[in-house]
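Here the structure comes first, spelled out in structure tokens, and everything after it is commentary.
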Amino acid sequence: MPNNPVLRLTVHPRRERVTGGGKDDSKITPHYADRRRALIERVSSLVDPASPHTLWFAGHALFWVGVDLDSLAPTYTPNDLFHSDIGVRLVAPWNTGYVVEVPLASRAALLQRLRQPNTTPQRVDISRIVSFRPLHKEITPDSLKQAWATAALDGPGVPAGFIVCLPPFQSVAARDAVLEHLWRWMAEQPMIQLGQSLPMEGGSDLVLPNGQPGGAPLVPGAAADQRRRIQASYRAGHHPRLPVTACLREALFQGSERGLIVRWDPVTPLAPARPGGGREPDLDREISLDEPIVGHIDGGFTSRRYRPAVVWEADPFLAPADLDTNHGNCTAALIVEAHGWNTDLDLPPLHCRLGIVPAVPRST
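Letter by letter, the sequence shown follows residues 12 to 375 of the working numbering.
So this is what it looks like as structure tokens:
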């Protein structure tokens, strides 16, 4: 076994073209002329440094291109119109459309392609586009309401947890600009501690943990290290996810208004369950090699009770004194035989073995 057998995904997603029916003249919709005219007007007004509606990062902006419902098949992906040969990049599908990255330097070439498309696939793409607007305008306050409700606040002033995503620019310069604006915005808010949320101080509405005033890192240097990891990952073209805690929905939405947050996934609060009655599970139990192995990233494992169930153990990521071993022991017991520790819940009698990753610090 390796010294640190923690699994890591090493293959990154790669875009591949879909082979389908193709884009021929029969695929051009009757709306071609009207939609081309509207698209030229929108691109002309929005792909402009003077536009008050567009957010530019190092000369790049993200737009949402909406298509009609009959054009959602991969065959109709508008990658002939929005193509890298003019510096425009189709980034990813988004709702009923696509995210497109447009450099300001490509404005003239894109408008020329719209005014005089020189291939049938380009005309097919144009005929099926119904919307073109800045991506942050597609993210509305209403879209946050459901996520906010899922976070299940206990009352006014109680923070809710979210995992947020940064805008998916492919340009390294644009990503650098996003990070620069993000760190500055975080300092202005003020925000705290990447990772586990801490109580807010100073009336802060939004807490994005980064070790800034208003809170302290759980482990000295941890916030700065995670910030460096996020910055390195984002600059390398990956899509790091950031933990955020907010007290006001409007405060979280402010990040989207500035083009810094494009997605939020609520962190559902954990509700403790009554343990029920009866005696504790047997101390001595046969460990079967057929039992599944569950990787357990927590405060480590020091209990003797389930030591035979430990298959492998990674080197600690923190000093032993900083690890939350009590919490690690408790959650490990639930992994091994949760059904034995809670008789009030209808849990399947599934025994598991353990792979231990000591990485979660004690609360301070």
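Beta carbons are placed, not taken as given, at the ideal position from N, Cα and C, and that holds for glycine.
The structure displayed is predicted, hence computed values, not measured ones.
Continuous alpha helix (DSSP H) stretch holding W194: start and end: Taking the first residue of the sequence shown as 1, we reach residue 194 at position 183. Taken as a continuous stretch (DSSP letters only), the alpha helix (DSSP H) holding W194 covers V183 to E199.
Endpoints, alpha helix (DSSP H) assigned at S138: As a working mapping, residue 138 is identified with position 127 in the sequence shown. Its alpha helix (DSSP H) spans residues T131 to S138.
Beta-carbon gap between R364 and A320 smaller than 9 Å: Taking the first residue of the sequence shown as position 1, residue 364 is located at position 353. Taking the first residue of the sequence shown as position 1, residue 320 is located at position 309. Result yes, Cβ atoms of R364 and A320 sit closer than 9 Å.
Nearest to N337 (by Cα), restricted to the options P303, H350, P359 and P372: Looking up residue 337 in the sequence shown gives position 326. With distances taken between Cα atoms, N337 lies closest to P372.
Within the segment 271-358, ranges of the beta strand (DSSP E) (whole runs, at least 3 residues): 274-278, 304-309 and 321-324
Per-residue burial, A84 [other beta carbons within 10 Å of its own, 16 or more giving buried]: What you label residue 84 is simply residue 73 of the sequence shown in a count that begins at 1. So A84 ends up on the exposed side.
Spatially closest choice to T354 from R290, S138, L329 and S267, by CA coordinates: Within the sequence shown, numbered from 1, the residue matching residue 354 stands at position 343. Taking only the C-alpha atoms, the option nearest T354 is R290.
Residue range of the alpha helix (DSSP H) that includes I51: If you number the sequence shown from 1, residue 51 lands on position 40. Counting along the chain, the alpha helix (DSSP H) containing I51 begins and ends at Y43 to L57.
Inter-residue Cα distance where the pair is D79 and Q181: Along the sequence shown, one-based indexing puts residue 79 at 68. Along the sequence shown, one-based indexing puts residue 181 at 170. Between D79 and Q181, the C-alpha separation is close to 26 Å.
A349 classed as buried or exposed, judged by whether at least 16 other C-beta atoms fall within 10 angstroms: Taking the sequence shown and counting its residues from 1, the one referred to as residue 349 is at position 338. A349 comes out buried.
Selection from A103, P114 and I174 that minimises the alpha carbon distance to G266: Residue mapping note: residue 266 aligns to position 255 of the sequence shown, counting from 1. Looking at the Cα atoms, I174 is the closest of the given residues.
Spatial neighbours of Q411 in its chain, beta-carbon cut-off 8 Å, leaving aside the 5 residues before and after: Given that the chain is displayed from residue 12 to residue 375, the structure contains no residue 411 and the question cannot be resolved.
CA-to-CA distance, G339 to D333, given in whole angstroms: Within the sequence shown, numbered from 1, the residue matching residue 333 stands at position 322. Within the sequence shown, numbered from 1, the residue matching residue 339 stands at position 328. Whole-angstrom Cα-Cα distance: 12 Å.
Terminal residues of the beta strand (DSSP E) in which A72 lies: Walking along the sequence shown from the start, residue 72 turns up at place 61. Element bounds for A72: H71 to V78.
G266 (DSSP reduced to helix, strand or coil): Numbered from its first residue, the sequence shown carries residue 266 at position 255. Helix at G266.
Helix, strand or coil at P152 [DSSP, three-state]: Numbered from its first residue, the sequence shown carries residue 152 at position 141. Three-state result, P152: helix.
Whole-number beta carbon distance between A343 and H307, since they are thought to touch under 8 Å: As a first step, residue 307 must be located in the sequence shown, where it is residue number 296. As a first step, residue 343 must be located in the sequence shown, where it is residue number 332. Right, their Cβ atoms sit about 6 Å apart.
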